[in-house]
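Chains as they are written, first to last, in our numbering: chain A, 13 to 122; chain B, 13 to 122.
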DNA sequence: ATATTGTATAAGCGGCTACTTATTCGTCAA
DNA sequence: TTGACGAATAAGTAGCCGCTTATACAATAT
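Here you go:
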């Protein structure tokens, strides 16, 4: 049991604020690059590059229709993120948060 | 409502596999730098630098006792990650995943 | 005081990231 | 066809990231 924590690319894709913003915008419904663009202070190629990273990470998909390319959110990978974080749920529930400190003192005073 | 998505540094801190690994190891109980070190293929300073980033992001805390420094996991920020991802839960539950496609067709054929 | 141990910081460096502008590719309209 | 438009890719660049080694700092032990 090494690192069960989803593909590295996944968290890397989420590291950039701009890409999390794209996810947020796409959660309101599919949009094209040019529809997304005004929300960002960057060029179209820059945004397309972000979208490529999100695509490679499996976070979004693009459906081409006509000469437009509609991007939409893919839930699956986001679920992986939720599940990864949820593994540590016991660290924030039922005051078990103090467990760390308890263990410290236990092993500190033998 | 701009970007309610937790501090940028949080996701950046999680982007590096080594740091997620630290989180995983600390989930088994507090450990010092030198206890963690053998699990990694890097120098002690490198690991200390990762720990600093995790500390700055509020993901871990260090309790000094004697000349040892015990690192422990902080649940709060991990909860933020879970909550962030959970915001998109509707994209992976109850086949609502196909919602994107539906909306596309709706706006595509007016 | 001095030495030893545990850990952090400093300085430096190659490689990757996130942008830019310029160009190409694909699809439709005339 | 040709032209226009939407979007991707190419090429280049400044700055950040993650590592290294060397050094400094902090706390105990002698």
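Glycine included, each C-beta is placed from N, C-alpha and C at the ideal position.
Judged by DSSP secondary structure, residue 48 of chain A falls within the alpha helix (DSSP H) whose first and last residues are 45–48. Boundaries of the beta strand (DSSP E) harbouring residue 85 of chain B: 80–85, taken from the DSSP string.
Look at the beta carbons and you see the segment 56–65 of chain B not touching the segment 61–74 of chain A: under three pairs across the two are nearer than 8 Å.
When the Cα atoms are used, residue 74 of chain B and residue 36 of chain A turn out to be separated by approximately 34 Å. Contacts between residue 24 of chain A and chain B, judged by CB atoms closer than 7 Å, involve 27 in chain order.
Beta-bridge partners of residue 74 of chain A (DSSP): A:83.
At the C-beta level, residue 100 of chain A and residue 85 of chain B come within 8 Å of one another. At a cut-off of 8 Å between beta carbons, residue 103 of chain A contacts chain B. Nearest to residue 21 of chain A by alpha-carbon distance, out of A:51, A:87, A:65, is A:65.
With its beta carbon less than 8 Å from one in chain B, residue 88 of chain A belongs to the interface. Residue 48 of chain B is outside the set of residues whose beta carbon lies under 8 Å from a beta carbon in chain A. Taking 8 Å as the cut-off, the beta carbon of residue 87 of chain A is found no closer than this to the beta carbon of residue 96 of chain B.
Between residue 32 of chain B and residue 23 of chain A, the C-beta spacing is below 8 Å.
Burial check for residue 79 of chain A: the Cβ neighbour count within 10 Å stays below 16, so the residue is exposed. Under the three-state reduction of DSSP, residue 104 of chain B is assigned to coil, being neither helix nor strand.
About 5 Å separates the CB atoms of residue 98 of chain B and residue 94 of chain A; that is less than 8 Å, so the two are in contact.
Taking C-beta atoms under 8 Å as the contact rule, residue 90 of chain B and residue 25 of chain B fail to qualify, at a distance of about 11 Å.
Residue 28 of chain A has its alpha-carbon roughly 9 Å from the corresponding atom of residue 27 of chain B.
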